[in-house]
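Chemist: Have a look at the structure that comes next, please.
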Amino acid sequence: MRRDGHRPRRGAGEPSWGLMWLERQAKQPSPSGGGPEQTGEGLVGLSVAAALAGPGYVLSPTDLFSPASSPAQSVYELSVFVVAVALAIFVVVFGLLAYAVLRFRHRGADDGREPPQVYGSTQIELAWTIIPVIIVIVLFLSSARVIAAVQRPTLPEDAVRVTVIGHQFWWEYRYPGLNVVTANELHVPVSDPAHPRPTILTLLSADTDHSFWVPRLAGKTDLIPNFPNTMWIDPHRTGLYEGQCAQYCGTQHAKMLLRVYVDSREEFDRWAREQARPASPGAAVSRGRRLFETTACINCHTVAGTAANGRFGPDLTHLMSRETIASGAAPNTRQNLRLWIENPDAIKPGSLMPAMQLERQELDDLTGYLLTLR
Ligand code: HEC
Ligand SMILES: [Cu+2]
């Protein structure tokens, strides 16, 4: 059950989003290859296997123990170091304790007198003062070093810059240098150590606090209204990395999933070129298009090159280039799109898009139009 960052793209026979993984996981036998008698210890077995196998062994798309980008890697290494130090202290202290308990336990031959009382040993006092001080200093310095590396990196000039705006309950991504605006599915180029091309994210919020957390790429950073934060990632391998809004932001916080597609350089450049184009819907769907442009849809959604320039909801210019809708809540299929515009609550209860009470025919026409937004 080895997995790496690569997950099947659309057309590989199944939609790839977080919950599917859990379902698949439930159906598969445990990685040790054991028979039915082993299923009871499945979870324990999994975490032990993860601990033993180390990075590269990905159990879940959000596995903390499988960093794939420098900030995540340095946080991971620091935590392993801190745990190792704590473990060493634990072993020494409990070793001494066990020794004392066994060696000096009550014996039948004891004469019942109080044992000799020892006071003041300068050597021992010094040892148990100085050693902990050294340990604390080492932990402090190594944390400070990682914090500096994560927060104040020296990044190349040609780093990709993305403005991430958290909304209840979806993500807006703007690439100012590339003239691209998209939603929910972030694309970044791979950054192989020989030719680093990191991505710098400026985090903003349109409403309340959110938190950007893709565990394999970096630690969490909050998106706070009127307080821009920044973070950076430099994913070393292509593939899909998943995450989750990590700050409770309202009813549909749980369906505010993060999907980061790490593309090869060429793939990323092609993607950015295509995203920068305005929409070019065919004439065959003019009824759906007219409906879209004469309905409240355009107050909330942008379709570049048309009258629609709303910013309350996701940019729909290249809607069909995305694998999921509603921030990873459902695969982007005709049925789901139709269901979504008929009644968003059916997919995401509490979402801030209203059900517009449209007729059957109108729903079909609108869906037909949306399907042309490639
Ligand atoms: C009041 C504002 C508003 C109106 C009006 C509105 N929407 Fe939305 N729409 C939203 C919001 C907000 C979302 C994001 C919901 C979420 O994911 O939580 C959204 C999401 C969507 C999505 C999913 C986009 C994605 O990539 O996830 C589609 C498709 C969509 N709307 C189509 C329409 C159509 C078609 C209409 C007109 C019939 C319409 N919307 C009217 C606010 C609106
Ligand atoms: Cu959120």
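Position one of the sequence shown corresponds to residue 90 (the working numbering), numbered consecutively onward. Backbone N, C-alpha and C fix where the C-beta goes; we use that ideal spot for every residue, glycine too.
#1: Rounded to whole angstroms, what's the CA-CA distance from G266 to I289? Just pull it up for me.
#2: According to DSSP, which residues form a beta bridge with L267?
#3: Span of the alpha helix (DSSP H) holding N421?
#4: Can you list the alpha helix (DSSP H) stretches of 4 or more residues lying completely in the segment 156 to 223, in chain order?
#5: Give a single yes or no on whether R411 has its beta carbon closer than 7 angstroms to a heavy atom of ligand 1.
#6: Determine, using beta carbons only, whether L346 and S416 come nearer to each other than 8 angstroms.
#7: Would you report the Cα separation of A238 and E166, rounded to the nearest angstrom?
#8: Would you kindly work out how many angstroms separate the C-alpha atoms of P464 and D434, rounded to a whole number?
#9: Any idea if W360 is buried or exposed, counting beta-carbon neighbours within 10 angstroms, 16 or more meaning buried?
#10: Is M345 near ligand 2, in the sense that its beta carbon is under 7 angstroms from a heavy atom of that ligand?
#11: Return the CA-CA distance between T384 and L244, expressed in angstroms with no decimal places.
#12: Is W217 buried or exposed, if buried means 16 or more other CB atoms sit within 10 Å of its CB?
#13: Taking C-alpha atoms, which residue in Q450, V269, F301 and S158 lies nearest to P62?
#14: Considering only residues of the same chain and omitting the five flanking positions on each side of L519, which have a CB-CB separation below 7 angstroms?
#15: Contact check, A377 vs N388 under 8 angstroms by CB: the rounded distance?
#16: How would you write the range of the beta strand (DSSP E) that L460 sits in, first residue to last?
#17: Locate the alpha helix (DSSP H) running through Q364, then write down its first and last residues.
#18: Taking only three categories from DSSP, how would you classify V239?
#19: Heavy atom of ligand 2 less than 7 angstroms from the Cβ of G255, yes or no?
#20: For P278, write down the residues that DSSP places opposite it in a beta bridge.
#21: Say the cut is 7 angstroms; is the CB of H299 nearer than that to a heavy atom of ligand 2?
#22: Measuring only from the beta carbon, is N268 closer than 7 angstroms to any heavy atom that is part of ligand 1?
#23: Please determine if the segment 270 to 281 and the segment 333 to 352 are in contact, where contact requires at least 3 C-beta pairs separated by less than 8 angstroms.
#24: Rounded to a whole number of angstroms, what is the C-alpha to C-alpha distance between V174 and Q212?
#25: By the three-class DSSP mapping on this structure, what secondary structure does R378 have?
#26: For I322, is the classification buried or exposed, using 16 other Cβ atoms within 10 angstroms of its Cβ as the cut-off for buried?
Modeler: Reading from the atomic positions:
#1: Each residue's alpha carbon lies about 12 angstroms from the other.
#2: L267 is not bridged by DSSP to any residue.
#3: DSSP places N421 in no alpha helix (DSSP H); its state is neither H nor E.
#4: Entirely contained in the segment 156 to 223, the alpha helix (DSSP H) runs reaching 4 residues are, in chain order, 159 to 192.
#5: Yes, the beta carbon of R411 sits closer than 7 angstroms to at least one heavy atom of ligand 1.
#6: Yes, Cβ-Cβ distance for L346 and S416 is below 8 angstroms.
#7: Inter-residue distance for A238 and E166 is about 13 angstroms (C-alpha atoms, whole angstroms).
#8: Since the first residue shown for the chain is 90 and the last is 463, residue 464 is missing from the structure and cannot be characterised.
#9: Under a 10 Å Cβ-count criterion, W360 is classified as buried, with 16 or more other Cβ atoms of the shown protein chains found around its own Cβ.
#10: At least one heavy atom of ligand 2 lies less than 7 angstroms from the C-beta of M345.
#11: If I take the Cα positions, the gap works out to 45 angstroms.
#12: So W217 ends up on the exposed side.
#13: Nothing can be reported for residue 62, as the shown portion of the chain is limited to 90 through 463.
#14: Nothing in the structure corresponds to residue 519, since the chain is present only between 90 and 463.
#15: Strictly speaking, residue 377 in this sequence is Gly, with Ala absent from that position. About 18 angstroms separates the two Cβ atoms, so there is no contact after all.
#16: Run containing L460: none; DSSP gives neither H nor E here.
#17: Per DSSP, the unbroken alpha helix (DSSP H) holding Q364 starts and ends at R354 to A365.
#18: Taken through DSSP and simplified to helix, strand or coil, V239 comes out as helix.
#19: The answer is yes for G255.
#20: Per DSSP, D352.
#21: Checking the Cβ of H299 against ligand 2 gives yes.
#22: With a cutoff of 7 angstroms, N268 does not count as near ligand 1, since its C-beta is closer than that to no heavy atom of the ligand.
#23: Using a Cβ-Cβ distance cut-off of 8 angstroms, the segment 270 to 281 and the segment 333 to 352 are in contact, since at least three pairs of beta carbons, one from each stretch, lie closer than that value.
#24: Computed Cα separation, rounded: 23 angstroms.
#25: The answer is helix: DSSP assigns R378 an H, G or I state.
#26: That one is buried.
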